[in-house]
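Asks: If you scroll down you'll find the structure; I have some questions about it.
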Amino acid sequence: MRVATFSQTSTILQSALQTQARLAQNQEQQASGILSGDYAGLGQSAVTLVDLEVSVSRSQAAVDAAGDTLTRVETTYSVLGGISDILTSMRSNVTAVLTEEDIAGLQTVAASYLEDVASLLNTQLAGRYLFAGSSTQDAPVDLQTYEAATLTDVDTGYYTGDDYTQSVRLGTDRTIEYGVTADEDAIEAALRAISYAASADPLSMDDVATLSDLLVSAQDGIIALQSMSSTTAASLESFITSEESFIASAEEMITEVSSADIAELIVEASSYEVQLEASYAALGSLSDLSVLDYLF
């Protein structure tokens, strides 16, 4: 009996084992909600899934970099706004000087404002100085040896950084520059004006008139730097929004590629169960066959 039915029994048993394996996989997919726990089980879809996941990773890294840069740009904008406010106050104090008797008070105020501006320019974010170029570990403004000698001669003796402009790469073909250094013309003019007002001996009424013009020019330049920072921030925000939209779409596609269709799996499972029952029934029938049944 075993010799006569061995071939057919083996074929049915092999088929039953394969169906049982497919049913087990089907049940695992229903439980997990995904087609496979590894790429091998996805077939041709694995290539699509890998491409999507790589794209999402790259986009997320770019979004993270853009987000960090946006924070620095916004902080830079805020610092420049603080300097502009100080210049507004300084201009008000200069306007209030009507006689030489008022000059002493102006110089006292200027000395305080000079420290305030230096403090703003030495702002750190995440341990990095924002206005130092590439020398992000060193404070860019040092007033210890700085004292403006005139209102007309450019003097960046206070600056300890370099002229490197910070930038961020957002892709293979896109880079955004965002750095502002403390030796920018407008910043230098602001420090020169306030330093001279604080230390000139004597500070004449003619100096006061020149000082007023220099403060106006410096503030206009500071506002222009603010405008540039605002434009950069808008570009970064637009990039982040665009990339986050792409990431959301790509993640939906990843879900579609890797997720199991539960309804379809239920139908398949039912079919596998019917096939198994038929296989088991056939195996049972074959095991009951005996050559003796056909000899008598």
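Using the working numbering, read the sequence shown as starting at 1 and increasing by one per residue.
Every residue, glycine too, gets a C-beta built ideally from N, C-alpha and C.
To test your reading of the DSSP string, which unbroken beta strand (DSSP E) runs of 3 or more residues are found completely within the segment 140-173?
Replies: DSSP runs (the beta strand (DSSP E)) wholly in the segment 140-173: 167-171.
Asks: So, under 8 Å CB-CB, L125 and T48 are touching, yes? Tell me the CB distance rounded to an integer number of Å.
Replies: At roughly 40 Å, the Cβ-Cβ gap does not stay under 8 Å, so L125 and T48 are not in contact.
Asks: Check whether the segment 224-243 and the segment 201-209 are in contact - that is, three or more C-beta pairs closer than 8 Å.
Replies: The segment 224-243 is not in contact with the segment 201-209.
Asks: Let me know the secondary structure DSSP gives T108 once reduced to three states.
Replies: Of the three classes helix, strand and coil, the one that applies to T108 here is helix, per DSSP.
Asks: Report the residue from L52, S59, E53, D51 whose alpha carbon sits nearest the alpha carbon of T172.
Replies: Of the candidates L52, S59, E53, D51, the one whose C-alpha sits nearest the C-alpha of T172 is S59.
Asks: Are the beta-carbon atoms of I194 and S84 separated by less than 8 Å?
Replies: Contact flag unset, no.
Asks: Give me the Cβ distance between T160 and P140, rounded to the nearest whole Å; I'm assuming they're in contact under 8 Å.
Replies: The pair is a contact, with the Cβ atoms about 6 Å apart (cut-off 8 Å).
Asks: Compare the Cα-Cα distances from T356 to each of G157, L106, L225 and report the closest residue.
Replies: Only positions 1 to 296 of the chain appear in this structure, which leaves residue 356 out of reach.
Asks: Between the alpha carbons of G133 and T255, how many angstroms are there, rounded?
Replies: Rounded to whole angstroms, G133 to T255 spans 44 Å at the Cα level.
Asks: Write down every uninterrupted run of the beta strand (DSSP E) in the segment 58-140 whose length is 3 residues or greater and which is fully enclosed by it, in chain order.
Replies: Listed in chain order, nothing qualifies, since the segment 58-140 has no complete beta strand (DSSP E) run of 3 or more residues.
Asks: Measuring alpha carbon to alpha carbon, tell me which residue in A197, E251, S204 is nearest S112.
Replies: Measuring from the Cα of S112, the nearest candidate turns out to be A197.
Asks: Is the beta carbon of V79 less than 8 Å from the beta carbon of L52?
Replies: No.
Asks: Give every residue of the same chain whose Cβ lies closer than 7 Å to the Cβ of A66, excluding the five residues on either side of it in the sequence, and list them in chain order.
Replies: Around A66: V168, L170, L236, F239, I240.
Asks: Report yes if the CB atom of L106 is closer than 8 Å to the CB atom of V117, and no otherwise.
Replies: Contact: no.
Asks: With a threshold of 6 Å on Cβ separation, who are the neighbours of N122 within its own chain once the five nearest residues in sequence on each side are excluded?
Replies: These residues qualify, in order along the chain: A139, V141.
Asks: Spatial neighbours of I86 within its chain, please: C-beta separation below 7 Å, excluding the five flanking residues on both sides.
Replies: Around I86: Y113, D116, V117.
Asks: Would you kindly check if the distance between the Cβ of A190 and the Cβ of A149 is under 8 Å?
Replies: No; because the gap between Cβ atoms is not below 8 Å, this pair is not in contact.
Asks: Please tell me whether A186 and A224 are closer than 8 Å, where the distance is taken between their beta carbons.
Replies: Yes, the Cβ-Cβ distance between A186 and A224 is below 8 Å.
Asks: Can you give me the Cβ contacts of D162 inside the same chain, cut-off strictly under 7 Å, excluding the 5 residues immediately before and after it?
Replies: Taken in chain order, the residues that qualify are G133, S134, S135.
Asks: Take the Cβ of V109 as the centre, count every other Cβ of all protein chains shown within 10 Å, and call the residue buried at 16 or more, exposed below.
Replies: Classification of V109: buried, given that the 10 Å Cβ count is 16 or more.
Asks: Express the C-alpha separation of E188 and S55 in angstroms, rounding to a whole number.
Replies: Those two C-alpha atoms are separated by around 44 Å.
Asks: With a 10 Å radius around its C-beta and 16 neighbouring C-beta atoms as the bar for buried, classify A182 as buried or exposed.
Replies: Its Cβ being crowded by 16 or more others within 10 Å, A182 is buried.
Asks: Give me the residue from R128, E252, L151 with the minimum Cα distance to D201.
Replies: When only C-alpha atoms are compared, the closest one is L151.
Asks: So, I103 versus L203, is the Cβ gap smaller than 8 Å?
Replies: Yes, the pair counts as a contact, with Cβ atoms nearer than the cut-off.
Asks: Taking the CB atoms as reference points, tell me whether V180 and T76 lie closer together than 8 Å.
Replies: Yes, the Cβ-Cβ distance between V180 and T76 is below 8 Å.
Asks: Does DSSP put T175 in a helix, a strand or coil?
Replies: T175: strand per DSSP, three-state reduction.
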